[in-house]
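Quick mapping for you: the protein sequence lines, in order, are chains Y and A.
Under the UniProt record's numbering, the residue at position 75 of the first sequence is numbered 75, and the numbers go up by one with no gaps.
Under the UniProt record's numbering, the residue at position 76 of the second sequence is numbered 76, and the numbers go up by one with no gaps.
The beta-carbon is built from N, C-alpha and C at its ideal position, and this holds for glycine as well.
Computed from a prediction, not measured in an experiment: that's the story for all the values here.
Since the structure comes first, as structure tokens, the remarks are kept for the end.
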Amino acid sequence: MVSGSLRIAARVGVFVLALALWQVLSATGVLSKDSFPTMTSTVSALGHQLGTRELWAAVGQTLQGWALGMLIGGGLAIVVGSLLGYSRFAYRSVIPVIEVLKTVPAIAILPLAIIIFGATMQMKLFLVSFGIFWPLTIQVIYGVRAVDPVVRDTAQVLQVRGLRRFGVVTLPSAAPFLATGLRVAAATGLILAVIAELIGGAAGLGLGVLTAENAGPSELPDMYALILVTGLLGVVVTGAFMAAERRLLHWHESQRNRSSARAS
Amino acid sequence: MTTSRGGVATDREPTARGSGPVLSVESLRKVYNAGRADEREAIADVSFEVEAGEFVCIVGPSGAGKTTLLRCLSGLLPLTSGTALFEGAAMQRVPEQVGVVFQDYSRSLFPWLSISRNIAVPLKVRKVDRQARERRVREVLTAVGLGDVGKRYPWQLSGGMQQRVAIARALAYQPDLLFMDEPFASVDAQTRFDLEDLILRVRDEYGVTIVLVTHDIDEAVYLADRVIVLSPAPSQVKEIVAVDLAKPRSQAVTRSDERFTALRQHLLELVTAS
Numbered sequence: 001m002v003s004g005s006l007r008i009a010a011r012v013g014v015f016v017l018a019l020a021l022w023q024v025l026s027a028t029g030v031l032s033k034d035s036f037p038t039m040t041s042t043v044s045a046l047g048h049q050l051g052t053r054e055l056w057a058a059v060g061q062t063l064q065g066w067a068l069g070m071l072i073g074g075g076l077a078i079v080v081g082s083l084l085g086y087s088r089f090a091y092r093s094v095i096p097v098i099e100v101l102k103t104v105p106a107i108a109i110l111p112l113a114i115i116i117f118g119a120t121m122q123m124k125l126f127l128v129s130f131g132i133f134w135p136l137t138i139q140v141i142y143g144v145r146a147v148d149p150v151v152r153d154t155a156q157v158l159q160v161r162g163l164r165r166f167g168v169v170t171l172p173s174a175a176p177f178l179a180t181g182l183r184v185a186a187a188t189g190l191i192l193a194v195i196a197e198l199i200g201g202a203a204g205l206g207l208g209v210l211t212a213e214n215a216g217p218s219e220l221p222d223m224y225a226l227i228l229v230t231g232l233l234g235v236v237v238t239g240a241f242m243a244a245e246r247r248l249l250h251w252h253e254s255q256r257n258r259s260s261a262r263a264s
Numbered sequence: 001m002t003t004s005r006g007g008v009a010t011d012r013e014p015t016a017r018g019s020g021p022v023l024s025v026e027s028l029r030k031v032y033n034a035g036r037a038d039e040r041e042a043i044a045d046v047s048f049e050v051e052a053g054e055f056v057c058i059v060g061p062s063g064a065g066k067t068t069l070l071r072c073l074s075g076l077l078p079l080t081s082g083t084a085l086f087e088g089a090a091m092q093r094v095p096e097q098v099g100v101v102f103q104d105y106s107r108s109l110f111p112w113l114s115i116s117r118n119i120a121v122p123l124k125v126r127k128v129d130r131q132a133r134e135r136r137v138r139e140v141l142t143a144v145g146l147g148d149v150g151k152r153y154p155w156q157l158s159g160g161m162q163q164r165v166a167i168a169r170a171l172a173y174q175p176d177l178l179f180m181d182e183p184f185a186s187v188d189a190q191t192r193f194d195l196e197d198l199i200l201r202v203r204d205e206y207g208v209t210i211v212l213v214t215h216d217i218d219e220a221v222y223l224a225d226r227v228i229v230l231s232p233a234p235s236q237v238k239e240i241v242a243v244d245l246a247k248p249r250s251q252a253v254t255r256s257d258e259r260f261t262a263l264r265q266h267l268l269e270l271v272t273a274s
């Protein structure tokens, strides 16, 4: 077992190495100066931006679109997925449509969203909600249908019915599916939020990247700094969902021995 | 029923409901996929009665439809024809005063709930208030020989302990009739003996009527007042054997009794003869 400190040291080491490589390649001119700023200039641009109100406003706008989109798309997916999961007939009837709509890339909907909503927050919300709704719905359906037959029998014997059954039996049984679905949806949702800004022109980090790009080569480090921020945001969001999953699903096989394995 | 062990008071006399069997089965028949190409008759014709306070074991060769029968009797599975009456009434679903302990305790206990919350589930359904719930959980945990494990999770306990929890949960709402489907088939031999003695003790304490399905003939003889022997599928009742062994039973004494050996021999012949 590799000790914890060594593991962290290795991660930091690789990170530093990647930054150093970037610096060497850009400073020596292997990477064209017209499209790649040096690592140091990007980091200093980032440092400068972190002190500005604009950056945090953009982060706020992106996160707001993402969070509300997750709430709308995720909430609808849980309700619709549960209803479809409960009824075999409804499931059979609706699943072909969902399978088709799931394969439509959310980006293909972007022009439509722009026509309807313009470069607005609503457009961003629509794109995020739409993009995460279909895959998450399917995940919820599978989760609701995945109740173990022994658990189902037990619930019947213990007279656990109706809403209580949903809370005590169905939701926890579906939780592992739901958690995976939400974690993937969180990452997808963030990408879609940035796309809605970058291509659709809604306010946020994506629009910042676009503006910096249009401002010419002098703004190149700023553009890269913003791209780094979106990347970091993705890491933070995914990390938060994984941490929540570990906490809420501590009882599940996939999480059970984590704490003890960590300790050893 | 005047003794109360482990602080558990039995507030119902098994005979207080008056006359009539707890369970009455008449010409029960179960066909899977009836009318389809893959139609399969699991149970042909089963009739028997279980009196209040009785311990009845159902044995038969593997594939004899024992589990199917138990599911039909407990109201988990609809019958194809015939009747199964619990306390005189036909079952639309599992009656409130029926408990079932499944073989697969690791799946029957909800892994997302702690031990005490698992046991509290049927109590919450029955709107038992919080204080009474906590008291009852402690009582039944004591009754099945488990101490302070309420805060732990099922998967943190050994197999034998998990099945004790499952029994405790079934006892918590004091059912009149407890079905057990191969309850001790997934634990080691020593634990099995312990659990057999536990269930006999609990039966006396709670005055609960028990119908237990097993493929283990020794177990059936050791536990039962009567043993129902099923034929291979489609099942019929081959014979009902009364077990006239002295009570209380003990692993060392009862199993070395000549009568035990004779009964065991007789049942073995019934089960293995085709």
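For the beta strand (DSSP E) containing A:F86, list its first residue and its last residue.
Taken as a continuous stretch (DSSP letters only), the beta strand (DSSP E) holding A:F86 covers S81 to F86.
Is the number of C-beta pairs between the stretch 210-226 of chain A and the stretch 26-45 of chain A that are closer than 8 Å three or more?
The stretch 210-226 of chain A is not in contact with the stretch 26-45 of chain A.
Taking 8 Å as the cut-off, decide whether the C-beta atoms of Y:D148 and A:L76 are in contact.
In terms of Cβ geometry, Y:D148 and A:L76 do not form a close pair [threshold 8 Å].
In terms of residues, what are the limits of the alpha helix (DSSP H) holding Y:L83?
Annotation for Y:L83: the continuous alpha helix (DSSP H) segment containing it runs R53 to Y86.
In this structure, does DSSP put A:M180 in helix, strand or coil?
A:M180 falls in the strand class under three-state DSSP.
A:L153 by DSSP, collapsed to three states: which one?
Note that residue 153 of chain A is Tyr in the sequence shown here, rather than Leu. The DSSP-derived three-state label of A:Y153 is coil.
Just verifying my parser: in three-state terms, what is the DSSP assignment at Y:S93?
The answer is helix: DSSP assigns Y:S93 an H, G or I state.
For the putative contact between A:T254 and A:L245, defined by C-beta atoms under 8 Å, what is the C-beta separation to the nearest angstrom?
So it is a contact: roughly 6 Å between Cβ atoms.
Answer yes or no: do Y:V184 and Y:L198 have a C-beta to C-beta separation smaller than 8 Å?
For the pair Y:V184 and Y:L198, the CB atoms are not nearer than the 8 Å cut-off.
I believe Y:A140 touches Y:S82 by the beta-carbon criterion, under 8 Å. Please report the beta-carbon distance rounded to the nearest angstrom.
Correcting the residue type first, residue 140 of chain Y is Val in the shown sequence and not Ala. With 8 Å as the limit, Y:V140 and Y:S82 qualify as a contact, their Cβ atoms being about 6 Å apart.
Which term fits A:P122, buried or exposed, when burial requires 16 or more other beta carbons within 10 angstroms of its beta carbon?
Under a 10 Å Cβ-count criterion, A:P122 is classified as buried, with 16 or more other Cβ atoms of the shown protein chains found around its own Cβ.
If we ignore side chains and look at the alpha-carbon of each, how far apart do A:S62 and A:P232 end up?
In this structure, the alpha-carbon of A:S62 lies about 8 Å from that of A:P232.
Under 7 Å from the C-beta of Y:L158: neighbouring residues of chain A:
What Y:L158 touches in chain A: V121, P122 and V125.
Listed by chain order, chain A residues near Y:P172 by CB distance under 9 Å
By Cβ distance, chain A contributes F110, P111, W112 and L113.
Mind checking who residue 281 of chain A pairs with in its DSSP beta bridge?
Chain A is shown only over 1 to 274; residue 281 of chain A falls outside these bounds and no answer can be derived.
Over what stretch of residues does the beta strand (DSSP E) that includes A:R226 continue unbroken?
From DSSP, the beta strand (DSSP E) with A:R226 extends over R226 to L230.
Quick one: does Y:R183 have its CB under 8 Å from some CB of chain A?
Residue-level contact by beta carbon fails for Y:R183 and chain A, as no gap is shorter than 8 Å.
Give a yes or no on whether 8 Å exceeds the smallest Cβ distance from Y:V151 to chain A.
Cβ-Cβ to chain A under 8 Å: yes for Y:V151.
If you draw a straight line from the C-alpha of A:S108 to the C-alpha of A:I167, how long is it?
Approximately 11 Å between the Cα atoms of the pair.
Select from A:V243, A:A189 and A:A64 the residue whose C-alpha is nearest the C-alpha of A:V237.
If we check each option's Cα against that of A:V237, A:A64 comes out closest.
Residue-level contact to chain A via CB, Y:R164, 8 Å cutoff
Yes, its Cβ sits closer than 8 Å to a Cβ of chain A.
Are the beta-carbon atoms of Y:M233 and Y:L192 separated by less than 8 Å?
One point to set straight first is that residue 233 of chain Y is Leu, not Met, in the sequence displayed. One thing to note: Y:L233 has its Cβ no nearer than 8 Å to the Cβ of Y:L192.
Just to make sure I have the definition right: I need the residues of chain Y whose C-beta is within less than 8 Å of the C-beta of A:L76. Which are they?
Going along chain Y in sequence order, the residues near A:L76 (Cβ under 8 Å) are D153, Q156 and V157.
Taking the Cβ atom as the reference point for each residue, do Y:W134 and Y:I95 lie within a distance shorter than 8 Å?
In this structure, Y:I95 does not lie closer than 8 Å to Y:W134 by Cβ.
Please report the straight-line C-alpha distance between Y:G201 and Y:P111, rounded to a whole angstrom.
Cα to Cα, Y:G201 sits roughly 12 Å from Y:P111.
Going by DSSP, name the residue or residues bridged to A:K30.
Its beta-bridge partners are A:I43.
Scan the stretch 210-249 of chain Y and note each continuous alpha helix (DSSP H) run of 4 residues or more that stays entirely inside, going in chain order.
Inside the stretch 210-249 of chain Y, DSSP marks whole alpha helix (DSSP H) runs of 4 or more residues at positions 220-248, from first to last along the chain.
So, with DSSP's three-state summary, where would you put A:Q174?
Looking at A:Q174 - three-state DSSP - the assignment turns out to be coil, as it is neither helix nor strand.
Can you give me the C-alpha to C-alpha distance between A:L157 and Y:F117, rounded to a whole angstrom?
If you draw a straight line from the Cα of A:L157 to the Cα of Y:F117, it is about 56 Å long.
Whose C-beta lies closer than 7 Å to the C-beta of A:V50 among residues of the same chain, with five residues either side of it excluded?
These residues qualify, in order along the chain: P21, V22, L23, V56, T209 and V211.
What residue does the alpha helix (DSSP H) around A:V213 start on, and which one ends it?
No alpha helix (DSSP H) contains A:V213, which is instead part of the beta strand (DSSP E) from T209 to V213.
Nearest chain A C-beta to Y:R247 closer than 8 Å, yes or no?
Not closer than 8 Å to any Cβ of chain A, the Cβ of Y:R247 fails to qualify, so no.
Are A:A143 and A:R133 touching if we call contact CB-CB under 8 Å?
Inclusion of A:A143 and A:R133 in the CB contact set at 8 Å is not warranted, their separation being larger than that value.
Helix, strand or coil: how does DSSP classify A:I58 here?
If DSSP states are grouped into helix, strand and coil, A:I58 belongs with the strands.
How long is the line joining the alpha carbons of A:A52 and A:A89, rounded to whole angstroms?
Approximately 15 Å between the Cα atoms of the pair.
Which of the three DSSP states, helix, strand or coil, is assigned to A:V140?
Three-state DSSP puts A:V140 in a helix.
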